[in-house]
Amino acid sequence: MRVYENSELIVYWYPELCAHVSFCVRDLRAVFDAKKRPWVNINGAAPEEIIKVIDACPSGALRYSLPAGSKVQPSLANGSGSLDYRDKSTVTKMKAIKKGPLLVEGPTAIYNMKGELIKEASRMTLCQCGLSSNPPFCDGSHRPDIRAKKAEAATESK
Ligand code: SF4
Ligand code: FES
Numbered sequence: 009m010r011v012y013e014n015s016e017l018i019v020y021w022y023p024e025l026c027a028h029v030s031f032c033v034r035d036l037r038a039v040f041d042a043k044k045r046p047w048v049n050i051n052g053a054a055p056e057e058i059i060k061v062i063d064a065c066p067s068g069a070l071r072y073s074l075p076a077g078s079k080v081q082p083s084l085a086n087g088s089g090s091l092d093y094r095d096k097s098t099v100t101k102m103k104a105i106k107k108g109p110l111l112v113e114g115p116t117a118i119y120n121m122k123g124e125l126i127k128e129a130s131r132m133t134l135c136q137c138g139l140s141s142n143p144p145f146c147d148g149s150h151r152p153d154i155r156a157k158k159a160e161a162a163t164e165s166k
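Just so you know, we're using this note's numbering here: the sequence shown kicks off at 9 and counts up by one.
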C-alpha cells in the first residue's frame with residue numbers, strides 16, 4: 009500500500025487491487041497520472057475533488073481519510089472511498105464488463121477455499137479473464153498493454 013498525504017487529505021493506493029480502468033486518470037489527471045512518478049500528486053487539486061474521484065474508483069484500490077486538523081467537511085469525506093466506510097446496502101450489485109472485470113458494489117466478503125477471509129469491502133473488481141496475478145481480483149491483466157508492461161518488468165527483474 010502506498011500513501012500520499014498533505015495537511016488536508018491522506019490518499020491510500022493498493023496497487024494489487026487496481027483494475028487499471030483509469031477512471032481516476034480520466035477524471036482528474038492533475039492528480040492521477042500513470043506516466044508520472046509519483047503517479048499521485050496530492051497537491052494537484054482541491055481535496056474535495058480528489059475525494060469525489062476516489063469515491064468512483066470501482067476496485068477500492070484508492071481510499072482516503074482526513075488527517076487531524078483537516079479543513080475538509082467530514083460530511084464530504086464519508087463516501088465509499090473513505091477508509092472507514094461501512095456499506096448499509098442490503099443488496100450487492102454485480103456488473104460484468106465485456107472483456108474486463110466483474111464490478112461489485114455493496115457489502116461483500118471473499119473467502120478462500122480454507123474458509124479464511126481474504127477481503128471484506130463494498131467495492132471490488134473481480135477477474136473474469138483468468139489472467140490476473142492476484143486472483144480473484146482483477147489486476148488489469150485483461151488489457152494487452154498492462155500484460156506487456158508486466159512481462160517487461162518481469163524480464164528486467166531477472
Ligand atoms: S481501479 Fe481505481 S485506482 Fe485503478 S485505475 Fe481505476 S479508478 Fe484508478
Ligand atoms: S478481468 Fe482484469 S485481470 Fe482478469
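Think of the CB as a built atom: it goes at the ideal place given N, C-alpha and C, for glycine as much as any other residue.
In this text the structure is predicted, and so the values were computed from the model without any measurement.
- By the neighbour-count definition (other C-beta atoms within 10 Å, threshold 16), residue 133 is a buried residue.
- At a cut-off of 6 Å, the beta-carbon of residue 162 does not count as near the ligand SF4: no heavy atom of the ligand is closer than that.
- DSSP places residue 151 in the coil class of the three-state scheme, outside both helix and strand.
- By the criterion of at least three beta-carbon pairs nearer than 8 Å, the region 13-30 is in contact with the region 45-58.
- For residue 11, DSSP records a beta bridge to 20.
- Secondary structure note for residue 34: it is in no beta strand (DSSP E), and the uninterrupted alpha helix (DSSP H) holding it is 31-35.
- Not one heavy atom of the ligand SF4 lies closer than 6 Å to the C-beta of residue 145.
- With a threshold of 6 Å, the Cβ atom of residue 109 counts as near the ligand FES, since some heavy atom of the ligand is closer than that.
- Judged by DSSP secondary structure, residue 112 falls within the beta strand (DSSP E) whose first and last residues are 110-119.
- Listed as beta-bridge partners of residue 48 by DSSP are 40.
- At a Cβ-Cβ threshold of 7 Å, residue 58 and residue 39 count as neighbours.
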